[in-house]
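Peer 1: Be aware that the sequence shown starts at 105, since it is given in my numbering, and climbs by one per residue.
No residue lacks a Cβ here, since even glycine has one placed at the ideal position from N, Cα and C.
I'd like to ask some things about the structure below.
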Amino acid sequence: MLPNFAYNRPKNLAEAVRQLASPEARAHAGGTDLIGCLRDRVFEASTLVSLSGVPELRGIRRGLDGGLVIGAMTTLAEVASNSDIVERYPTLAQGAAAAASPQLRNQGTLGGNICQRPRCWYFRGDFHCAHKGGEKCFAVEGENQYHCLFGGDVCFIVHPSDTASPLVALEAVVRIAGPDGARSVPAEKFFILPSTDYTRENVLKTGEVVTEIVLPAQTRGTRGTYRKVRARGSWDFALAGAALVATVADGNVESARIVLSGVAPAPWRVPEAERHLVGKRINLRSAQGAAAAAVKGAQPLTNNAYKVELLRGTVEEAVLALA
Ligand SMILES: Cc1cc2nc3c(=O)[nH]c(=O)nc-3n(C[C@H](O)[C@H](O)[C@H](O)COP(=O)(O)OP(=O)(O)OC[C@H]3O[C@@H](n4cnc5c(N)ncnc54)[C@H](O)[C@@H]3O)c2cc1C
Numbered sequence: 105m106l107p108n109f110a111y112n113r114p115k116n117l118a119e120a121v122r123q124l125a126s127p128e129a130r131a132h133a134g135g136t137d138l139i140g141c142l143r144d145r146v147f148e149a150s151t152l153v154s155l156s157g158v159p160e161l162r163g164i165r166r167g168l169d170g171g172l173v174i175g176a177m178t179t180l181a182e183v184a185s186n187s188d189i190v191e192r193y194p195t196l197a198q199g200a201a202a203a204a205s206p207q208l209r210n211q212g213t214l215g216g217n218i219c220q221r222p223r224c225w226y227f228r229g230d231f232h233c234a235h236k237g238g239e240k241c242f243a244v245e246g247e248n249q250y251h252c253l254f255g256g257d258v259c260f261i262v263h264p265s266d267t268a269s270p271l272v273a274l275e276a277v278v279r280i281a282g283p284d285g286a287r288s289v290p291a292e293k294f295f296i297l298p299s300t301d302y303t304r305e306n307v308l309k310t311g312e313v314v315t316e317i318v319l320p321a322q323t324r325g326t327r328g329t330y331r332k333v334r335a336r337g338s339w340d341f342a343l344a345g346a347a348l349v350a351t352v353a354d355g356n357v358e359s360a361r362i363v364l365s366g367v368a369p370a371p372w373r374v375p376e377a378e379r380h381l382v383g384k385r386i387n388l389r390s391a392q393g394a395a396a397a398a399v400k401g402a403q404p405l406t407n408n409a410y411k412v413e414l415l416r417g418t419v420e421e422a423v424l425a426l427a
């Protein structure tokens, strides 16, 4: 059953930030993750602050450098279908299209998608696990088939978002507003690992909200893709995923960013795999080399070694999709 809470609907960003300054308050975007967390007592909130009436968080517009600025309240369905995003930033459009189900994409927002809480069943269940501030990660000796291969430390969650890795691959910037004013953080630094703080997934402080996502202008010859593998054909979270952005000139890769999803507590960049592609043509050989480099350093738990091969195949297919 849902606990009781007050529900406020501020009309502008300044008012929303003021209301969110209390540690008992939570931002409510589409509610597709938040309401489940409250119902299952993953965390508590005495006040929900709806972002739906805040005009500053809406819309998609061209940035000054020719890039794109996407309001945090833009739905995943809009991100997946907006023609500018589909044509110029296919990695993000494909990530948004791969998330959840049509109903959830109509309701869920980009801001909510990158701020959603992890799906680990111990964190979501009645366990006082490390991610809730407890002493241990129950996944280490428990049911860990969906947990991480990289970056685990005290806590072994995977980041659940299908738009987070594309944003890191695209070198997006997250704009934030809060009690101390506005700030901008590169998406690569927005998401954090358990070694930084094992109870949080990002750098947001109490009272801060994501206002916009800024996508930089793309250089000529930039291509991108997002590939996700899940346990079944319909909606499900990624078992393994790869976001790729590469610049190709005269058939050769000039630069590449490869960011994994579903295998680490935060979007996981694989620089060695990126370096492997640079200077090469995209073909089966270079794709297999990049995929082998991407899985180097994977540290499977007792039940998730299958993810290593899955990831290797996912990266190989994603690289070949750029050809
Ligand atoms: C059955 C199911 C399947 C799913 N499958 C997938 C999947 O395959 N891939 C995937 O990526 N996601 C998946 N999801 C998650 C879904 O995409 C998210 O629930 C959704 O994107 C969250 O957006 P929202 O607007 O509803 O956020 P809310 O539920 O309103 O908020 C989520 C969290 O983010 C915070 N928040 C929201 N907006 C902001 C903001 N602007 N600034 C700061 N904090 C904010 C809230 O306080 C809350 O803690 C699934 C969800 C369900 C229920």
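Under three-state DSSP, which class holds Ser154?
Peer 2: Three-state DSSP puts Ser154 in a strand.
Peer 1: Out of Val352, Ala201, Tyr410 and Glu378, which one is the CA nearest neighbour of Leu364?
Peer 2: Of Val352, Ala201, Tyr410 and Glu378, the residue nearest in Cα terms is Glu378.
Peer 1: Give me the Cβ distance between Leu319 and Leu426, rounded to the nearest whole Å; I'm assuming they're in contact under 8 Å.
Peer 2: With a Cβ gap of about 18 Å, Leu319 and Leu426 do not count as contacting.
Peer 1: Between the C-alpha atoms of Asn100 and Gln249, what's the straight-line distance to the nearest angstrom?
Peer 2: The structure shown has nothing for residue 100, since the chain only spans 105 to 427.
Peer 1: What number of angstroms, rounded off, separates the C-alpha of Ala350 from the C-alpha of Arg145?
Peer 2: C-alpha separation (whole angstroms): 42 Å.
Peer 1: State the DSSP-derived secondary structure class of Gly175, mapped to helix, strand or coil.
Peer 2: Strand at Gly175.
Peer 1: Is it buried or exposed for Gln198, if we count other Cβ within 10 angstroms and need 16 for buried?
Peer 2: Buried, by the Cβ-count rule.
Peer 1: Between which two residues does the beta strand (DSSP E) harbouring His235 extend?
Peer 2: No beta strand (DSSP E) holds His235; DSSP gives it neither H nor E.
Peer 1: Using a Cβ-Cβ cutoff of less than 7 Å, which residues in the same chain neighbour Val258 once the five nearest sequence positions on both sides are dropped?
Peer 2: Cβ within range, chain order: Ala234, Cys241, Pro298 and Tyr302.
Peer 1: Rounded to the nearest angstrom, what separates Arg361 and Ala110 at their Cα positions?
Peer 2: Whole-angstrom Cα-Cα distance: 44 Å.
Peer 1: Opposite Phe112 in the DSSP bridges: which residues?
Peer 2: A quick correction: the sequence has Asn, not Phe, at residue 112. According to DSSP, Asn112 bridges with Val153.
Peer 1: Answer yes or no: the CB of Asp130 versus the heavy atoms of ligand 1, is any distance below 7 Å?
Peer 2: Residue identity differs from the one stated: residue 130 is Arg in this sequence, not Asp. Arg130 Cβ: within cutoff of ligand 1.
Peer 1: Counting only beta-carbon atoms, is Pro283 nearer than 8 Å to chain D?
Peer 2: Going by chain labels, chain D is absent from the structure shown, which holds only one protein chain.
Peer 1: Nearest to Leu381 by alpha carbon, out of Ala422, Ile174 and Phe295?
Peer 2: Ranking the options by Cα distance to Leu381, first place goes to Ala422.
Peer 1: Have a look at Leu138 and Tyr410 and give me their C-alpha separation to the nearest angstrom.
Peer 2: One C-alpha to the other measures close to 31 Å.
Peer 1: For a test of the three-state rule: what should DSSP assign to Glu358, helix, strand or coil?
Peer 2: Glu358: strand per DSSP, three-state reduction.
Peer 1: Give the straight-line distance between the Cα atoms of Lys309 and Asn387, rounded to the nearest whole angstrom.
Peer 2: Taking the straight line joining both Cα atoms gives about 44 Å.
Peer 1: Please confirm whether any heavy atom of ligand 1 lies closer than 7 Å to the CB of Pro107.
Peer 2: Pro107 Cβ: outside cutoff for every heavy atom of ligand 1.
Peer 1: Given this structure, state the Cα-to-Cα distance separating Val153 from Cys141, to the nearest angstrom.
Peer 2: Cα to Cα, the separation comes out at about 15 Å.
Peer 1: How far does the beta strand (DSSP E) with Gly328 in it extend, from its first residue to its last?
Peer 2: Thr326 to Val333 is the extent of the beta strand (DSSP E) around Gly328.
Peer 1: Can at least three beta-carbon pairs, one atom from the region 394–409 and one from the region 279–289, be found at a separation below 8 Å?
Peer 2: Contact fails: fewer than three Cβ-Cβ distances are below 8 Å.
Peer 1: Quick check on the DSSP output: the alpha helix (DSSP H) that includes Glu119 runs from which residue to which?
Peer 2: Segment Leu117 to Leu124, the alpha helix (DSSP H) holding Glu119.
Peer 1: Work out the CA separation of Gly355 and Arg503 for me, nearest whole Å.
Peer 2: Residue 503 lies beyond the residue range present for the chain, which begins at 105 and ends at 427; the question has no answer from this structure.
Peer 1: Within the present structure, is the beta-carbon of Arg143 separated from the nearest heavy atom of ligand 1 by less than 7 Å?
Peer 2: No, Cβ of Arg143 sits at least 7 Å from all heavy atoms of ligand 1.
Peer 1: For Thr323, collect the residues of the same chain with a Cβ closer than 7 Å to its Cβ; drop the 5 residues on either side in sequence, then sort them by chain order.
Peer 2: Result list for Thr323: Thr351, in chain order.
Peer 1: Gly255 and Ala396 - do their beta-carbons sit closer together than 8 Å?
Peer 2: Going by C-beta atoms, Ala396 is not nearer than 8 Å to Gly255.
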